[in-house]
Amino acid sequence: MLSGELAMSPSFAVVLLPIVLLVGGLWLACVVLGLHGVLLGRLPGAWLPRHVRQLRLWGAGALFVAAGGLARPSLVVIGLGLIALGHVLRRTP
């Protein structure tokens, strides 16, 4: 049996589980949307394609954010910059 220091209390698990599910869901959404934008050159839904001008650049930024996570803040900053550029840059013909 685990000692009192190593055992996780049930109340801590109740608080931790929704946070883990939320972060995991956001990570999965970044990966799916990033791959969709980079590989297919389009985004699902109606709102994203209307507001994003450079779809592949935006998708690469979402993949950088997903790859960086909490461990590599520099990748997250680069990814957020690419996402912002995807919104701002004009489409090329």
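In my numbering, the protein residues as written are 81 to 173. The C-beta atom is built at its ideal place from N, Cα and C for all residues, glycine as well. Please read all numbers here as calculations on a predicted model, not as lab measurements.
What is the DSSP secondary structure of residue i, counted as helix, strand or coil?
{"i": "P124", "result": "coil"}
{"i": "S154", "result": "helix"}
{"i": "V132", "result": "coil"}
{"i": "L162", "result": "helix"}
{"i": "M81", "result": "With a pLDDT of 48 at M81, under the threshold of 50, the modelled position of that residue is not reliable, and the figure given next carries that caveat. Three-state DSSP puts M81 in coil, outside helix and strand."}
{"i": "G141", "result": "helix"}
{"i": "G149", "result": "coil"}
{"i": "L119", "result": "helix"}
{"i": "L169", "result": "coil"}
What residue does the alpha helix (DSSP H) around residue i start on, and which one ends it?
{"i": "S91", "result": "90-115"}
Could you work out which residue in the options is closest to residue i when comparing CA atoms only?
{"i": "V168", "options": "R152, R130, P124, R122", "result": "R130"}
{"i": "L115", "options": "V145, I158, R170", "result": "V145"}
{"i": "R171", "options": "V132, L96, A151", "result": "V132"}
{"i": "L150", "options": "A164, V100, I163, Q134", "result": "V100"}
{"i": "V112", "options": "P98, V156, A147", "result": "A147"}
Please list, in chain order, all residues of the same chain as residue i whose beta carbon is under 8 Å from its beta carbon, the five residues on each side excluded.
{"i": "G161", "result": "G141"}
{"i": "V156", "result": "F144, V145, G148, G149"}
Excluding the 5 residues flanking residue i on each side, which residues of the same chain have their C-beta closer than 6 Å to its C-beta?
{"i": "L165", "result": "L137"}
Going along the chain, which residues of its own chain have a beta-carbon closer than 7 Å to the beta-carbon of residue i, five neighbours each way excluded?
{"i": "V118", "result": "R136, G139, A140, L143"}
Is it the case that the stretch 121-141 contacts the stretch 89-106, given that we only count it when at least three CB pairs across the two stretches are under 8 Å? These segments do not touch.
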